[in-house]
């Protein structure tokens, strides 16, 4: 009997001693974030009494998995907002945004119109034009630098994923080796704690799911099902690359096969989660669209101003020239990796006809038909822009084709094969590549190149007006500051029947260009005279009399004329920017509306993500509370356990003492 008591006491004292050790271990790790509190479970033998102890981690696996998901969600929105809030601030700041510079430029242009002969006023226009160009250049370069920062963050994050994956694979192997052994010493629990900590670090980077195997190992799969950690201790490497745009990094899984071959799997951006998903979402939905829309706006302002200035006359009695230089905005279309031909493409802005210039990228595909290409606007992820039409063009290579539906010109070289694809990014860096083309204030063409006069002997109640100044082509002799001899210069009313008039149109040399018979519409006279796309157009307003004549002449020394300058100033209020490559090709936004839309899109996304971030943090906080209620160390509970196990330890020691006393009494009674 005493022998049984001795065994009972020995087993009890050893068990309670270990319970005291586990309690002390819990208390010592109160502030260890990765530690999961442990409890000893007493195992009864089949014959009664205590057989052994088992150390258990007090963890709710459901709460643990939910916590990892919540960590991914919070990291996603925090990474996104970390970058987007900076951009939102800069876009809305009056000292850094482009809109204030555009406004100042047009304000000084209007001031110059008030005194068109002033060189000083024109010099201020040039200064503001230079400041506007610099603002476009600097802001676009800032956005480009942000893309570089995102790429650096992604590269570092993938290195971290690979390091964590390696650690998880090694921990899986150690856990498998420890799972079949007696784990009273808690080594297995320590490994499990380390693995959970690694998984939480991984959750900050990407969203994933886990599958626990019978061996105790965990396989880790990304949201789209691609495995990054396998049960057998292997892991798939993660890299960042893209096709064909090497500047736009994407997440790729590299899977090694037996024999040394490697397969690559692109992971869709919307299936990543974590901070990597947040950075990529910011880049694709905020940063890059902002830079492209900024480029689109810069192109439309520059090309519209160039076109209008070229229609006017400067202070040297010469036709206006381009104010802004767009020659550096050309870009090379990127070839997809699986192209089989030698075709190459250069994309240029179709100057003078860029009204349909889009902000989106363009995918150009060589069809099976000879010299035929299909062009369609695409999003950053390569999907076709919603509502976008496919434009089909035909052009032999080498050659150049102008595509007015997109405001671009394509230079083709080499020989593309059917199925070859190219990615054009015409707006991507356009804002950083424009520059000022003129430096002389005299080159600003505020005047119209022609003036019109009513005949001094006219008897009718009508006057001639300039209806339109078109792109200069065939009518001007700028060397001699006059019209060419073949330019229309005089209109004579030769007959009248009721409200119908007969007109003759003569050139500068006095030759009859054409006669107009019985017209009731005195607008667009030169067009009615059969002139195709005339450099200028005139209207006769009122009721002329037979014999009345009207003249058109070169506007020599028309220094007080601000007609063309006013037309340039009016561009600010005209709809000159296309809204989207998926909508009608006609522009529907003013310059201010285009920039305002850019700012509002960024601001609304930032505001929305702030709400989602706050919601994700609140959910994470609740999950942490649930998790800690099971896995966290409660000092009051541990203090009570110390007393309980101390008393049990003392009681077990008394059993051993009592057993010894009984045994001694038994020996004494046998003497």
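In our numbering, the protein residues as written are 2 to 672. Beta carbons are placed, not taken as given, at the ideal position from N, Cα and C, and that holds for glycine.
Give me, in chain order, the residues of the same chain whose beta-carbon lies closer than 8 Å to that of residue i; leave out the 5 immediate sequence neighbours on both sides.
| i | result |
| --- | --- |
| residue 652 | 13 |
| residue 342 | 367, 415, 416, 417, 418, 421 |
| residue 139 | none |
| residue 2 | Low per-residue confidence applies at residue 2: pLDDT is 42, beneath 50, and the placement is therefore not dependable, though the value from the model is reported in the following sentence. Cβ within range, chain order: 663. |
| residue 192 | 172, 175, 176, 179 |
Quick one: give me the first and last residue of the beta strand (DSSP E) that residue i is part of.
| i | result |
| --- | --- |
| residue 366 | 362 to 367 |
| residue 566 | Element bounds for residue 566: not the beta strand (DSSP E) but the alpha helix (DSSP H), 564 to 571. |
| residue 501 | 501 to 508 |
| residue 618 | Unbroken run through residue 618 is the alpha helix (DSSP H), 592 to 632; no beta strand (DSSP E). |
| residue 553 | 550 to 555 |
| residue 378 | 373 to 379 |
| residue 219 | 219 to 223 |
| residue 519 | 513 to 520 |
| residue 523 | Counting along the chain, residue 523 falls outside any beta strand (DSSP E), and DSSP gives it neither H nor E. |
| residue 59 | No beta strand (DSSP E) holds residue 59; DSSP gives it neither H nor E. |
| residue 414 | 409 to 414 |
| residue 286 | From DSSP, residue 286 is part of no beta strand (DSSP E); its letter is neither H nor E. |
| residue 247 | No beta strand (DSSP E) contains residue 247, which DSSP labels as neither H nor E. |
| residue 394 | 392 to 395 |
| residue 424 | 422 to 425 |
| residue 673 | Since the displayed the chain opens at 2 and closes at 672, residue 673 lies outside it and no answer follows. |
So, residue i versus residue j, is the Cβ gap smaller than 7 Å?
| i | j | result |
| --- | --- | --- |
| residue 35 | residue 198 | yes |
| residue 538 | residue 519 | no |
| residue 466 | residue 542 | yes |
| residue 316 | residue 147 | no |
| residue 152 | residue 250 | yes |
| residue 348 | residue 364 | no |
| residue 312 | residue 428 | no |
| residue 340 | residue 424 | no |
| residue 387 | residue 583 | yes |
| residue 122 | residue 112 | yes |
| residue 230 | residue 170 | yes |
With DSSP run on the structure shown, which of helix, strand or coil describes residue i?
| i | result |
| --- | --- |
| residue 403 | strand |
| residue 228 | strand |
| residue 43 | strand |
| residue 53 | strand |
| residue 100 | helix |
| residue 545 | coil |
| residue 640 | helix |
| residue 457 | coil |
| residue 191 | helix |
| residue 358 | coil |
| residue 129 | helix |
| residue 310 | helix |
| residue 349 | strand |
| residue 134 | helix |
| residue 462 | strand |
| residue 169 | helix |
| residue 665 | helix |
| residue 446 | coil |
| residue 215 | coil |
| residue 646 | helix |
| residue 398 | coil |
With a 10 Å radius around its C-beta and 16 neighbouring C-beta atoms as the bar for buried, classify residue i as buried or exposed.
| i | result |
| --- | --- |
| residue 671 | exposed |
| residue 351 | buried |
| residue 641 | exposed |
| residue 261 | exposed |
| residue 546 | exposed |
| residue 183 | Any reading at residue 183 is ruled out, since the residue's pLDDT is 49, under 50, leaving its predicted position unreliable. |
| residue 290 | buried |
| residue 258 | exposed |
| residue 401 | exposed |
| residue 69 | buried |
| residue 39 | buried |
How is the alpha helix (DSSP H) around residue i delimited, first residue to last?
| i | result |
| --- | --- |
| residue 62 | 62 to 93 |
| residue 23 | 3 to 29 |
| residue 491 | No alpha helix (DSSP H) contains residue 491, which is instead part of the beta strand (DSSP E) from 489 to 498. |
| residue 276 | 275 to 283 |
| residue 529 | 526 to 529 |
| residue 434 | 431 to 434 |
Quick one: residues in its chain with C-beta nearer than 6 Å to the C-beta of residue i, no 5 flanking neighbours on either side, listed in chain order?
| i | result |
| --- | --- |
| residue 308 | 353 |
| residue 621 | 71, 75 |
| residue 432 | 137, 141, 295, 296, 299 |
| residue 493 | 505, 550 |
Leaving aside the five residues before and after residue i along the sequence, list all residues of the same chain whose C-beta is less than 7 Å from its C-beta, in chain order.
| i | result |
| --- | --- |
| residue 510 | 486 |
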